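Taking it in order: structure first as structure tokens, then the write-up.
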Amino acid sequence: MLSLLAFAIFAGHDAIIKVLGGGYSAFQIIFFSVLFAFPLTTLMLVQDTTSGTLIPKRPWWTALRTGAVVISSICAFYAFSVLPLAQVYAILFATPLLITALSVPLLGEVVRLRRWLAVAVGLGGVIVVLEPTQIELSWGHAAALLGACMGALSSTIVRKIGRDERPVVLLIYPMLAQFVLMSAAMPFVFVPMQGDALLLIGVLAILGHIAMRLMIKAYRLAEASTVAPMQYSQILWASLYGVLFFDEVPTLTTAIGAGIVIASGLYILLRERSGASANSPVTSTRSRVVPGVHPRIGPQVDATRDGS
Numbered sequence: 383m384l385s386l387l388a389f390a391i392f393a394g395h396d397a398i399i400k401v402l403g404g405g406y407s408a409f410q411i412i413f414f415s416v417l418f419a420f421p422l423t424t425l426m427l428v429q430d431t432t433s434g435t436l437i438p439k440r441p442w443w444t445a446l447r448t449g450a451v452v453i454s455s456i457c458a459f460y461a462f463s464v465l466p467l468a469q470v471y472a473i474l475f476a477t478p479l480l481i482t483a484l485s486v487p488l489l490g491e492v493v494r495l496r497r498w499l500a501v502a503v504g505l506g507g508v509i510v511v512l513e514p515t516q517i518e519l520s521w522g523h524a525a526a527l528l529g530a531c532m533g534a535l536s537s538t539i540v541r542k543i544g545r546d547e548r549p550v551v552l553l554i555y556p557m558l559a560q561f562v563l564m565s566a567a568m569p570f571v572f573v574p575m576q577g578d579a580l581l582l583i584g585v586l587a588i589l590g591h592i593a594m595r596l597m598i599k600a601y602r603l604a605e606a607s608t609v610a611p612m613q614y615s616q617i618l619w620a621s622l623y624g625v626l627f628f629d630e631v632p633t634l635t636t637a638i639g640a641g642i643v644i645a646s647g648l649y650i651l652l653r654e655r656s657g658a659s660a661n662s663p664v665t666s667t668r669s670r671v672v673p674g675v676h677p678r679i680g681p682q683v684d685a686t687r688d689g690s
């Protein structure tokens, strides 16, 4: 129930991104989102009692993950701004499939034929969503695909270095990088923001923080294999918000493609949960599939649940 509530809040968070994206660039939205999120994030950081410094123990992997988080945030914010919400979610739901693929070269894990087939079928579902023969593919579609790839890379790296790095290191570096890079972009993209837009930015930061705390609590109470499938409920909220607020009615191909992607992801999750697979790269990442300003919750969960 906690995870379902968290994913409902995350979907509202992403709907607000779409509202703001109609008048402001993704760079500006991310800049102010990070700015408003810093006080809330600081409250979480002071609770980290793990000994050590803020110097990464594995700097190159930390830098690569930081870059992946920044790119995934920009791509996700832009995609939500220009594409129907349900379509973006359907594409980003490929992230668990990509985590499965990346676990082979990055983690040295073994992925056998059945899971490879599930990955292939799921990626075929993404192609169905894109409808390459029916619609003109846009930068928004490319951004969503790149966001899924970078989100998967970020989550996989957390799995690789999470036991070595302090959670605060994995959390603070991406936020600092986002703030610095978005600050550099401000002179080129800044548009004066009205009071209602600033209010929405504040709501965005609060919703992201609340949802992240709910997810941490959910992962404390239940196994990742129980919580992770709840993420697919976001597409129901996205479809509802799309109809109510953006006059977006999901197409049949989007629904079919999303169904294929979700079925493939659930198959991988259920196989990992049943113990049929010796490795569990997807459930072990403990991350929401949609990238955002807040680095996904993997680092904090690693600190709050027996260090795993």
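Numbering (the working numbering), first residue to last: 383 to 690. By construction, the Cβ of each residue, glycine as well, lies at the ideal position given by its N, Cα and C atoms. No experiment lies behind these values; they were computed from the predicted model shown.
Select from the options the residue whose C-alpha is nearest the C-alpha of residue i.
i       : options                            : result
Val-637 : Glu-513, Leu-436, Ser-565          : The amino acid occupying residue 637 in the given sequence is Ala; Val does not appear at that position. Nearest C-alpha to Ala-637: Glu-513.
Val-631 : Leu-427, Ala-645, Gln-410, Pro-466 : Pro-466
Gly-639 : Phe-627, Leu-499, Phe-475          : Phe-475
Pro-569 : Met-557, Phe-413, Gly-590, Glu-605 : Phe-413
Leu-384 : Met-594, Glu-518, Val-451, Ser-565 : Met-594
Ile-473 : Pro-549, Leu-528, Lys-599, Leu-582 : Leu-528
Ala-390 : Leu-589, Glu-605, Ala-500          : Leu-589
Ser-646 : Ala-500, Arg-653, Thr-448          : Ala-500
Gly-394 : Pro-438, Phe-462, Ser-536          : Phe-462
Leu-479 : Arg-655, Glu-654, Ile-650          : Ile-650
Ile-398 : Gly-449, Val-464, Ser-485          : Val-464
Val-625 : Ile-453, Gln-469, Ser-565          : Gln-469
Gly-522 : Phe-628, Arg-653, Leu-648, Lys-400 : Lys-400
Arg-440 : Leu-519, Leu-489, Lys-542, Ala-526 : Lys-542
Thr-538 : Gln-560, Ile-583, Pro-487, Ala-559 : Pro-487
Asp-396 : Glu-605, Val-585, Thr-635, Leu-648 : Val-585
Val-718 : Thr-633, Arg-653, Glu-491          : Since the first residue of the chain shown is 383 and the last is 690, residue 718 is not available in this structure.
Phe-392 : Thr-635, Phe-627, His-591, Leu-652 : His-591
Leu-402 : Gly-506, Val-643, Glu-654, Ala-579 : Ala-579
Gly-344 : Leu-489, Ala-566, Ile-453, Val-503 : Beyond the ends of the chain as shown, which are 383 and 690, falls residue 344; an answer cannot be given.
Gly-504 : Ile-642, Gln-616, Leu-387, Phe-628 : Ile-642
Leu-386 : Thr-635, Ala-600, Val-452          : Ala-600
Gly-449 : Ile-598, Ala-388, Ala-559, Ser-415 : Ala-559
Please classify residue i as buried or exposed, where buried requires at least 16 other C-beta atoms within 10 Å of its C-beta.
i       : result
Leu-553 : buried
Val-562 : exposed
Ser-433 : exposed
Gln-429 : exposed
Asp-684 : Its pLDDT being 43, under 50, Asp-684 is placed unreliably in this model, and the value from its coordinates should be taken loosely. Asp-684 is buried by the Cβ-count criterion.
Pro-556 : buried
Arg-602 : exposed
Arg-497 : buried
Arg-494 : exposed
Pro-438 : buried
Thr-435 : exposed
Gly-689 : Confidence in Gly-689 is poor, its pLDDT being 40 and thus under 50, which makes the residue's placement too unreliable to answer from.
Val-547 : Per the sequence shown, residue 547 should be read as Glu rather than Val. So Glu-547 ends up on the buried side.
Ala-587 : buried
Val-508 : buried
Gly-680 : With a pLDDT of only 49 at Gly-680, under the threshold of 50, the placement of this residue in the model should not be trusted; the figure read from the coordinates follows. It is buried - the Cβ of Gly-680 has at least 16 other Cβ atoms within 10 Å.
Val-492 : exposed
Ala-524 : exposed
Glu-605 : exposed
Phe-418 : buried
Ala-566 : exposed
Ser-485 : buried
Ile-583 : buried
Leu-596 : buried
Ser-520 : exposed
Ala-388 : buried
Ala-502 : exposed
Glu-654 : buried
Could you spell out where the alpha helix (DSSP H) holding residue i opens and where it closes?
i       : result
Asp-394 : For the record, residue 394 in the displayed sequence is Gly; it is not Asp. Where Gly-394 is concerned, the enclosing alpha helix (DSSP H) stretches over 384–403.
Ile-473 : 467–474
Gln-613 : Per DSSP, Gln-613 belongs to no alpha helix (DSSP H) and is neither H nor E.
Leu-519 : Run containing Leu-519: none; DSSP gives neither H nor E here.
Lys-599 : 577–603
Ile-509 : 495–512
Gly-449 : 441–464
Val-428 : Careful: Val-428 lies outside any alpha helix (DSSP H) and carries neither H nor E.
Phe-628 : Run containing Phe-628: none; DSSP gives neither H nor E here.
Pro-569 : 549–571
Ser-485 : 477–489
Kindly indicate if chain B contains any beta-carbon less than 7 Å away from that of residue i.
i       : result
Val-625 : Given the protein chain composition of this structure (a single chain), no chain B is represented.
Legend entry - the region 454–471 / the region 532–542 touching (three or more Cβ pairs under 8 Å): yes
Legend entry - Segment contact flag, the region 420–429 with the region 612–626, C-beta cutoff 8 Å, min 3 pairs: The region 420–429, when compared against the region 612–626, does not touch it at the 8 Å Cβ threshold.
Inset, instruction - Evaluate contact between the region 601–617 and the region 403–412, counting only Cβ atoms and requiring at least three cross-stretch pairs below 8 Å. - result: no
Legend entry - Validate contact between the region 569–583 and the region 399–406 using beta carbons, cut 8 Å, 3 pairs: Because the criterion of three Cβ pairs below 8 Å is met, the region 569–583 and the region 399–406 touch.
Legend entry - Stretch pair the region 538–555 + the region 441–448: three plus CB contacts closer than 8 Å: yes
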